[in-house]
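Residue numbers (the numbering used here), protein chains in the order written: chain A, 7 to 331; chain B, 7 to 331.
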């Protein structure tokens, strides 16, 4: 089942059920006005939504043509946005890039940060950059959307709380990171609003590609029209989403609609390219002594998508332009 | 105007208008079912709520007796919880306590962290502690609740976006902090659910005590029935709420209902006591070579309140007990 949110009339948008090919949709209806409302009462609402999806898929309901430009992020505002950093290759490269050592517990203790979730960007919304010196970068990621998840959930049970999956562009202002981290309180100004894919899908939509809490597909990033990378999101995700759920629930519970990200998808094989410019800059530094790729500037475009073995675009395409503001 | 949220029937509770003495209330009504709904449309809803408050105050509406036990936090779940650390004395003491240096930009660049906001505690909810070795501590704070606040708001304009004030107990697991900060991504497991005061009040309720983005009143913490501290929340708040708003909006905007905390209220004058046990432990270490006050354990109680010059309890009393779980 593929879900999305049209912008308006309220702040949380309007929940729609989308046909598998992404071309047509049907509103979920007044009883399930928003995705948050569906997540708040998932046991009751999921079957209703699945019935609608089946009728749309079979052609019993024709639905309406979908205009991706009109989509909000699946959750236009969310109660939490927790972002992991589960790809070891990314951590090692980015820390090298800022002259920092990887943490000693790199492979045993997941890294997560708490991001801002009150203002999220839709799949086609511009990234507004106020100052190019801030070093704007994209970060292509896979995310899950949780249902109510109790404290001290173990990884073996974590699958029960994963309602939906989507993609994210975890926009980062690289040049603001070092000073923030030096202060010791984590990222704040360096992480402006994150953008999400058009569609959030139930795990079964991924078929065999959803396995052990990982998505075994390539995540493709296209920067200014050229392929930047298409790393495999599965095998090198050192901590699976199940591990991340166990980690984040160690001391507290999470409410339905919590967004949990994988961190920048990254492969050790350089042929797979990159999912953020910081990695490319580090590779340039290692190979040529200095970075030559600049960070993003006004007019740049970034597209992020994930296509399955049959060539089907699962989550729709994040496609953003940088504008000054 | 004094607002609060009764628990249920939905996840966001039921908005009520509370009489100034805290004894009686009237529901805001179906058109403004929750505090979030009021904040989402504040320009229209505030006058309606004020009219109700006036009628309750004058006795034109009798209202119903208020049972604080039935209160949720003013926002049972919020879109962001951003917590500053604006009292220099607290930063210096707590960093000493963990053998860390204060950041170089201590007095020029505010410290804030992004906290979890999907699950918040009501004023009388237990603090569930799973493991005493985690080093449970309270942190008594003042907070503001923001309306929609645009990116790059300057401190001179910040007052326009401050809708309400309340108190918080920013529960902290001290012994989990050092490892988390060593990883560089900020607090996460070390900050379980935060508790909030019964009432959120409009700034005018504070009269002259609300000045320059600071609350010029004493914040009283009572630990296991004994006064722990009653520091002045005003003069030593190095960064005012206006400064904090300017800081957090440097690179992004915030949605209505964002909670912004002051950080632990702390005075250099030791006679004013403490608003968290970490400070007391550090003072013991400085004076006697080692901390002797243990962190909180099952059965402990913490109360936090703020009383004005006329002896009026403004925000109601946070009163929590630690239980194992």
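Cβ atoms here follow ideal geometry from the backbone N, Cα and C, with glycine treated the same way.
No Cβ-Cβ contact shorter than 9 Å links residue 295(B) with residue 120(A).
With its beta carbon less than 9 Å from one in chain A, residue 136(B) belongs to the interface. For residue 290(B), the enclosing alpha helix (DSSP H) has its first and last residue at 283-294.
Residue 55(A) sits away from residue 68(A), with the two beta carbons spaced by 9 Å or more.
Residues of the stretch 90-102 of chain A that bring their beta carbon within less than 8 Å of a beta carbon in chain B comprise 91, in sequence order. Looking at the DSSP output, residue 312(A) shares a beta bridge with 225(A). Three or more beta-carbon pairs separated by less than 8 Å are not found between the stretch 231-242 of chain B and the stretch 106-116 of chain B, which leaves the two stretches without contact.
Against residue 256(A), the close residues of chain B are 195, in the order they occur along the chain (beta-carbon pairs closer than 8 Å). Note that the stretch 242-260 of chain A touches the stretch 154-173 of chain A; at least 3 beta-carbon pairs, one per stretch, sit closer than 8 Å. Among the bridge pairs identified by DSSP, residue 302(B) is matched with 142(B).
For the stretch 160-192 of chain A, the residues whose beta carbon sits under 8 Å from a beta carbon of chain B are, in order, 179, 182, 185, 187, 188, 189, 190, 191 and 192. Distance from residue 285(A) to residue 100(A) at the Cβ level is roughly 7 Å; contact confirmed, criterion being Cβ atoms closer than 8 Å. The Cβ atoms of residue 87(A) and residue 264(A) sit closer than 9 Å to each other.
Around the beta carbon of residue 111(B), fewer than 16 other beta carbons lie within 10 angstroms, which makes this residue exposed. Residue 158(B) has a beta carbon lying within less than 9 Å of a beta carbon in chain A. Around the beta-carbon of residue 16(B), fewer than 16 other beta-carbon atoms lie within 10 Å, marking it exposed. For residue 181(B), there is no enclosing alpha helix (DSSP H), as DSSP gives it neither H nor E.
Rounded to the nearest whole angstrom, the C-alpha separation of residue 32(A) and residue 148(A) is 25 Å. Per the C-alpha coordinates, the member of 303(A), 275(A), 322(A) and 307(A) positioned closest to residue 330(A) is 303(A). Residue 210(B) and residue 122(A) have their C-alpha atoms roughly 29 Å apart.
Taking the CA atoms as reference points, residue 140(A) sits about 33 Å from residue 179(B). For residue 33(A), the three-state secondary structure derived from DSSP is strand. Residue 199(B) and residue 125(B) have their alpha carbons spaced roughly 6 Å apart.
Here residue 305(B) is exposed: its Cβ has fewer than 16 other Cβ atoms, across all protein chains shown, within 10 Å.
Counting along the chain, residue 251(B) sits inside the alpha helix (DSSP H) bounded by residues 247-254. Sequence-distant partners of residue 298(B) (beyond 5 residues in either direction) whose C-beta falls short of 6 Å from its own C-beta, in its chain, are 290.
Straight-line spacing of the CA atoms in residue 276(A) and residue 288(A) works out to 12 Å. Of all residues in the stretch 236-263 of chain B, the ones placed with a Cβ closer than 8 Å to any Cβ belonging to chain A are 253, 254, 256, 257, 258, 259, 260, 261 and 263, in chain order. Its chain contains 40, 42 and 82 as the residues whose beta carbon lies nearer than 6 Å to that of residue 18(B), once the 5 sequence neighbours on both sides are disregarded; these appear in chain order.
Within the DSSP bridge table, the entry for residue 202(B) names 174(B) as partners. Annotated three-state conformation of residue 234(B) is strand, per DSSP. In this structure residue 78(A) is buried. Its beta-carbon is surrounded by 16 or more other beta-carbon atoms within 10 angstroms.
Among the residues of chain B, those whose CB is under 7 Å from the CB of residue 17(A) are 46, following chain order. Look at residue 111(B): its C-beta is under 9 Å from a C-beta on chain A. Across the set 241(B), 307(B) and 36(B), the C-alpha of 241(B) shows the shortest separation from the C-alpha of residue 222(B). Note on geometry: alpha-carbon atoms of residue 150(B) and residue 9(B) lie some 13 Å from one another.
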